[in-house]
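**Q** Throughout, our numbering is defined as the position within the sequence shown, counted from one, plus 798.
Quick reminder that beta carbons are idealized off the backbone N, C-alpha and C, glycines included.
Fair warning: this is a prediction, and the values are worked out from it, not measured in the lab.
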Amino acid sequence: MSSPKYIVLTAQKTPETEYDCACPDMPVTLTATPSKHEEDCACPDTPLKITTVPISATPSTHSPLRLTPQLYTDTLPHGYTLAFSPYSPAGPSVLNRAAFARLQAFQTPQPPVEAVDFTLAAQNLLVPVDTLPEMAWGRVSTLTAWLHVTNACNLDCPYCYVRKSTAHMSEATGEQVLDRIFRSAVQHGFQTVKLKYAGGEAALHFNMVQHLHHYAQSLATRHHLDLQAVVLSNGTVWMPPMAHWLRENGVKLMISLDGTGAAHDAMRPTAGGKGSFAQIEKTVDTVLLPAGIRPDISITVSGSNAGAAADAVAWAIERDLPFSLNFYRENALSADRHILQLEEARIIAGMRHAYQVIAAQLPTRPFMNGLLDRAQMDAHTHTCGVGQNYVVFSHSGAVHQCQMQLANGVSLPVNTDLLAQVENGKIPKISVDEKDGCRTCLWRYRCTGGCPLETYRATGRYDVKSPHCNIYTALFPEVLRLEGLRLLKKAGVLPA
Ligand code: SF4
Ligand code: SF4
């Protein structure tokens, strides 16, 4: 009798979309089984990774396996089932009827026999009887640095944390900052330096961005390090030569868009009170895309514009642009703007509407990491690289742990070791496994308890779950479902 045809679809790693916090890019592969997956499932640039409990890659090992605890399932079209557990190394898996039946057979622990058993074990849907996968330190390969090129901006967004002025980074300061970054990268064994050119509006000082980047290129060459870079921009001042420079130098671009038309204009007006959407649209369609630049679209979702997120998503999908939906973070300059606050029902409704738009158009490019604020689908334990492999430089060269701290102007005490300097800042390195309320959460290794600064602002503690936990828990199942549908479409089960 022939064995059933098992199909297990899963994305091994989920690429990052650009947003302002510190997270890396990751390659992705889509695998349909039966076949055995590689075991290294962790994001290469994430400080911590999940370690699959060693299981022999050959059926000669007969240690009994059992169904993972906290198995989450959802029914998908055409008889497929989405399966996920806190220990899944990447996102969810999608199983056909035969594979799901085989998975369920392990409600009675038994040794792995068939190839599909090892595939399910590689996804930690099957785990050893007497132990569980454990999070373990992985190698950190990327040092990410925010370079606050300028305080100047031609927009006046109500949630901005930058005290606007004409002050900007000088060439001498920028070079000293870059010298420190690369010295630290070499000292601590990083392989890659990632630079975020930001402001204010960094493109207003594009000559400085170019100068800094060329200087960084020379340092990267001298120290045999890889260099990645992105300009974080409001998207209003780009000209064709600037776009060509980005392409020639492999520098990415992230543009903020908080809706379309009047909804965006209300969130991101010019300093003179006019709208900026029309200019951004024109820039993307007539300058960037013709030059081969596909900007990442960063959508900040607040109580004020939650209903507009879906339009921004549709706008990005229409142009085949990566996008991310990020939650507004209250800061010292925006605290009195109560309309921006994340009122749960409104945010959930707005995000659901955006997800409906995604489901209707369903890109096949991986998009899960951009769907729910800082949630990342590869298993990890810390929300960002703060205090570990992320450092923020003000225009004057002062060091901060996080760009949100630029608003209060309080920088870190001087330390010749850059990483020790950020490690000793106020934001502690707390794993999600140490956060009250998170330790047994199904979503803990995707959410990791949310932005630590936002949690501290709301609770006065870093070691508790996010104030937006209800939003996250309401939306995670829908994020997983979108990924399940994407995998089915990518595999040709759903029509293109
Ligand atoms: S904040 Fe909530 S959803 Fe996030 S890990 Fe903690 S308990 Fe889970
Ligand atoms: S502390 Fe919050 S805002 Fe700052 S880098 Fe981390 S997640 Fe982003």
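#1: Tell me the DSSP bridge mates of M1052?
#2: Can you tell which of A950, N1103, A983, E973 has the C-alpha that lies nearest to the C-alpha of H1062?
#3: Going by CA-CA distance only, name the one from F988, C1182, P867 that's closest to L923.
#4: Do you know offhand how far P1088's Cα is from P1039's?
#5: Less than 7 Å between the CB of R1242 and some heavy atom of ligand 1, yes or no?
#6: Among the candidates L1051, E1046, C1239, whose CA atom is the shortest distance from the CA of G1033?
#7: For A913, tell me which candidate among T906, L901, Q905, P907 has the shortest Cα-Cα distance.
#8: Kindly indicate which residue of L1138, A896, H1180 has the alpha-carbon position closest to the one of K803.
#9: Tell me the rounded alpha-carbon separation between L993 and V1007.
#10: Do the CB positions of V1137 and G1101 come within less than 8 Å of each other?
#11: Is T1181 near ligand 2, in the sense that its beta carbon is under 7 Å from a heavy atom of that ligand?
#12: Put D1063 into one of helix, strand or coil per three-state DSSP.
#13: Would you kindly work out how many angstroms separate the C-alpha atoms of L1278 and L869, rounded to a whole number?
#14: Skipping 5 residues on each side, what residues in its chain have a beta carbon closer than 7 Å to that of W944?
#15: Quick one: any contact between the region 963 to 976 and the region 937 to 953, if contact means 3 or more CB pairs under 8 Å?
#16: Relative to the C-alpha of K1233, which candidate in L1216, L1210, Q1219, T1257 has its C-alpha closest?
#17: Taking 8 Å as the threshold (C-beta atoms), are L1010 and A1018 in contact?
#18: Can you tell me whether DSSP reads Q1174 as helix, strand or coil?
#19: Extract the residue ranges of the alpha helix (DSSP H) inside the region 965 to 1034, only unbroken runs of 4 or more that lie entirely within it.
#20: In the DSSP assignment, find the unbroken beta strand (DSSP E) run with D872 in it and report its ends.
#21: Return the bridge partner residues of D1234 from the DSSP annotation.
#22: Short of 6 Å in beta carbon distance, which residues of its chain neighbour S854, apart from the five on each side in sequence? Order them along the chain.
#23: Helix, strand or coil for T829? Go by DSSP, reduced to three states.
#24: Measuring only the C-alpha atoms, how far is L1131 from K1227?
#25: If I'm right that L1210 touches V1197 with Cβ under 8 Å, what's the distance once you round it to whole angstroms?
#26: Compute the beta-carbon to beta-carbon distance between S1031 and L953, rounded to the nearest angstrom, for a pair I have assumed lies under 8 Å.
#27: Output the distance between the C-alpha atoms of A1231 and Q1159, rounded to the nearest integer angstrom.
#28: Given a cut-off of 8 Å, decide if Y1013 and E1046 are closer than it, judged by their beta-carbon atoms.
#29: State the CB to CB distance for the pair V892 and L1286, rounded to an integer number of angstroms; the pair is presumed to be in contact (CB under 8 Å).
#30: Could you spell out where the beta strand (DSSP E) holding W944 opens and where it closes?
#31: Taking S883 as the reference, which of D1261, L930, V911, P875 has the closest Cα?
#32: Relative to ligand 2, is the shortest distance from any of its heavy atoms to the C-beta of I1295 smaller than 7 Å?
#33: For V1230, verify whether its CB is less than 7 Å away from any heavy atom of ligand 1.
#34: Alpha carbon to alpha carbon, how far is V1220 from Q1186? Give it in angstroms, no decimals.
#35: Please classify Q1199: does DSSP put it in a helix, a strand, or coil?
#36: Measure from the alpha carbon of G1290 to the alpha carbon of each residue in G1168, M1166, Y878, then state which is nearest.
**A** With the given structure in hand:
#1: L1030, D1094
#2: Measuring C-alpha to C-alpha distances from H1062 to each of A950, N1103, A983, E973 identifies N1103 as the nearest.
#3: P867
#4: 12 Å
#5: yes
#6: The candidate whose alpha carbon is nearest that of G1033 is L1051.
#7: Comparing C-alpha distances from A913 to each of T906, L901, Q905, P907 shows the shortest one belongs to L901.
#8: A896
#9: 11 Å
#10: Looking at the sequence shown, residue 1137 is not Val but Ile. Closer than 8 Å, so yes.
#11: yes
#12: helix
#13: 13 Å
#14: K994, A996, V1190, F1191, Q1201
#15: As far as the Cβ criterion goes, the region 963 to 976 touches the region 937 to 953, which means the pair count is three or higher.
#16: T1257
#17: no
#18: Note: Q1174 maps to coil in three-state DSSP.
#19: 969 to 985, 1004 to 1021
#20: 870 to 873
#21: V1262
#22: Note that S854 has pLDDT 36, beneath the 50 cutoff, so the model's placement of it is unreliable and the number below is only indicative. Excluding residues within five positions, none has a Cβ falling inside 6 Å.
#23: Residue confidence is low: T829 scores 30 on pLDDT, short of 50, so the model does not pin down where it sits. Its coordinate-derived value is still stated next. If DSSP states are grouped into helix, strand and coil, T829 belongs with the strands.
#24: 26 Å
#25: Correct: roughly 5 Å between the Cβ atoms.
#26: At roughly 10 Å, the Cβ-Cβ gap does not stay under 8 Å, so S1031 and L953 are not in contact.
#27: It is worth fixing the name first, because residue 1231 is Asp in this sequence and not Ala. Rounded to the nearest angstrom, the two C-alpha atoms are 36 Å apart.
#28: no
#29: 6 Å
#30: 940 to 946
#31: L930
#32: Because residue 1295 is not part of the residues shown, which for the chain are 799 to 1294, the question remains open.
#33: yes
#34: 7 Å
#35: coil
#36: Y878
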